[in-house]
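Inspection log for the structure reproduced underneath, given as structure tokens.
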Amino acid sequence: MGEGPHTEPADSGRWQRIWAQVRRIPEGRVATYGQIAELAGVPRGARQVGYALHRAPPDVPWQRVINARGEVSQRSADGAGADQLQRQLLEEEGVEFDLAGRVDLAVWRWRPRRPAAR
DNA sequence: TTTATGGCTGTCA
DNA sequence: ATGACAGCCATAA
């Protein structure tokens with residue numbers, strides 16, 4: 265059947281997959297952008313995860329995703345302030361930050377038993 | 001179509 | 001440890 269991939273709805277499933285993985289992160293735990301990207305089947309898609317989170321629906325715990333340094337990523341102009349909120353939300357969940365404002369990934373990183381669910 | 005822009009990351013000085 | 005750079009790849013204009 266002559267079908268050309270010009271506007272595939274299946275493609276938008278990428279964000280859906282990313283959101284699905286973020287939703288799996290338990291309260292009081294964190295994951296990195298790169299980690300979510302891999303779990304969602306988008307290797308090297310760390311930036312895409314950030315982009316998807318920016319447009320995430322309200323039921324996605326975006327605050328549980330931080331960068332590989334264990335730090336809350338700073339937003340550009342538009343989302344300024346969200347980084348402070350993110351830290352606050354995480355602290356309310358019990359996640360601890362050190363004096364440098366970083367989370368010890370060895371302790372707080374979420375480790376799914378399975379690579380990816382669904 | 002091409003260009004610019006990101007809630008990133010790994011490597012090197 | 002920190003800072004600069006180059007890859008990465010999808011979305012938006």
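Our numbering applies: residue 265 is where the first sequence begins, and numbers increase by one.
Cβ coordinates follow ideal geometry from the N, Cα and C atoms, glycine included.
Just so it is clear, the structure is predicted and the values come from calculations on it, not from any experiment.
With 16 or more other Cβ atoms from the protein chains shown falling within 10 Å of its own Cβ, R288 counts as buried. One alpha carbon belongs to V336, the other to R378, and they sit about 26 Å apart. Going by beta carbons, G309 and E357 fall outside the 7 Å limit. Q312 and A301 have their C-alpha atoms spaced approximately 8 Å apart.
Where L363 is concerned, there is no enclosing alpha helix (DSSP H), because DSSP gives it neither an H nor an E. In this structure, W283 sits away from V329, with a CB-CB distance that is not shorter than 7 Å. Here the alpha carbons of Q338 and A344 stand approximately 7 Å from one another.
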